[in-house]
Amino acid sequence: MARLSALNQAKMNKRQKEIYDDIVSGPRGNVRGPLAVWLYRAELADKAQQLGRYCRYDSSLSPRLSELAILITARIWDAAFEWQAHVPHALAAGIDQAVVDALAADHDPDFSSDDEQLVYEFSRELNLTRAVSDAVYARAIAILGKEGTVDLVGVLGYYSLISMTIKAFDVDPITAS
301 MARLSALNQA
311 KMNKRQKEIY
321 DDIVSGPRGN
331 VRGPLAVWLY
341 RAELADKAQQ
351 LGRYCRYDSS
361 LSPRLSELAI
371 LITARIWDAA
381 FEWQAHVPHA
391 LAAGIDQAVV
401 DALAADHDPD
411 FSSDDEQLVY
421 EFSRELNLTR
431 AVSDAVYARA
441 IAILGKEGTV
451 DLVGVLGYYS
461 LISMTIKAFD
471 VDPITAS
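In this note's numbering, the protein residues as written are 301 to 477.
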């Protein structure tokens with residue numbers, strides 16, 4: 301992190317240590333990037349990581365659609381850290397490499413499925429115009445259902461928060477290991 305360094309565990313207060321341990325013991329397995337920034341405010345880190353856990357692991361969206369929405373959001377925000385963190389997950393979830401390449405180049409991908417096309421259009425429209433047209437909304441309800449549409453907006457909102465944190469605090473992209 302260029303603007304804020306990760307907190308030293310030895311200097312964390314009791315609540316920060318609790319949240320740190322909770323995050324490390326969960327599915328993420330580590331505290332880095334935006335989570336490390338949020339630990340400066342333990343309650344924000346706690347609530348945000350709980351929302352993130354839901355959006356990433358427990359929403360009604362399939363991992364394929366969720367990871368697609370995450371990549372679209374990361375690309376819109378030019379959030380390199382999040383992009384690099386999620387490309388492998390998106391590919392593993394079934395997003396085609398050609399779609400990832402098109403998103404990386406900021407081109408409209410050619411989708412082979414209606415649900416991916418819908419997630420792309422909905423995500424771009426909401427992020428870029430700050431609204432969703434009646435036509436795109438109706439397609440979202442038809443394809444994802446009410447619950448899936450609500451979860452899609454939740455994923456987009458959470459990953460916008462992540463992207464804002466990355467950009468505001470100049471969080472370094474993940475280095476290859």
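All C-beta atoms, glycine included, are put in the ideal place defined by N, C-alpha and C.
Residue interval of the alpha helix (DSSP H) (run including residue i)
i	result
Met464	434-468
Gly329	Taken as a continuous stretch (DSSP letters only), Gly329 belongs to no alpha helix (DSSP H), as it is neither H nor E.
Ser366	363-377
Arg341	First-last for Arg341: undefined, no H or E at that position.
Val324	314-325
Tyr420	414-429
Reduced DSSP category for residue i - H, G, I as helix; E, B as strand; rest coil
i	result
Ile395	coil
Arg353	helix
Phe411	coil
Val387	helix
Ala402	helix
Ala336	helix
Asp358	helix
Ala348	helix
Arg303	coil
Whole-angstrom C-beta distance between residue j and residue i, which should lie under 8 Å
i	j	result
Ala379	Ile323	19 Å between Cβ atoms; not a contact.
Asp406	Arg303	Not really, about 26 Å apart at Cβ, beyond 8 Å.
Tyr320	Leu339	6 Å
Gly445	Leu361	So it is not a contact: roughly 10 Å between Cβ atoms.
Tyr357	Pro327	6 Å
Beta carbon of residue i nearer than 7 Å to that of residue j
i	j	result
Val419	Leu344	no
Pro363	Ile462	no
Phe422	Ala440	yes
Ile443	Asp415	yes
Ala348	Gln316	no
Ala306	Ala336	yes
Ser359	Asp451	yes
Ala393	Glu367	yes
Leu371	Ala398	no
Ala374	Glu382	yes
Ile249	Asn308	In the structure as shown, the chain starts at 301 and stops at 477, and residue 249 therefore has no counterpart that could be examined.
Quiz item: Is it a yes or a no for the stretch 395-406 touching the stretch 450-457, going by three-plus beta-carbon pairs under 8 Å?
Solution: no
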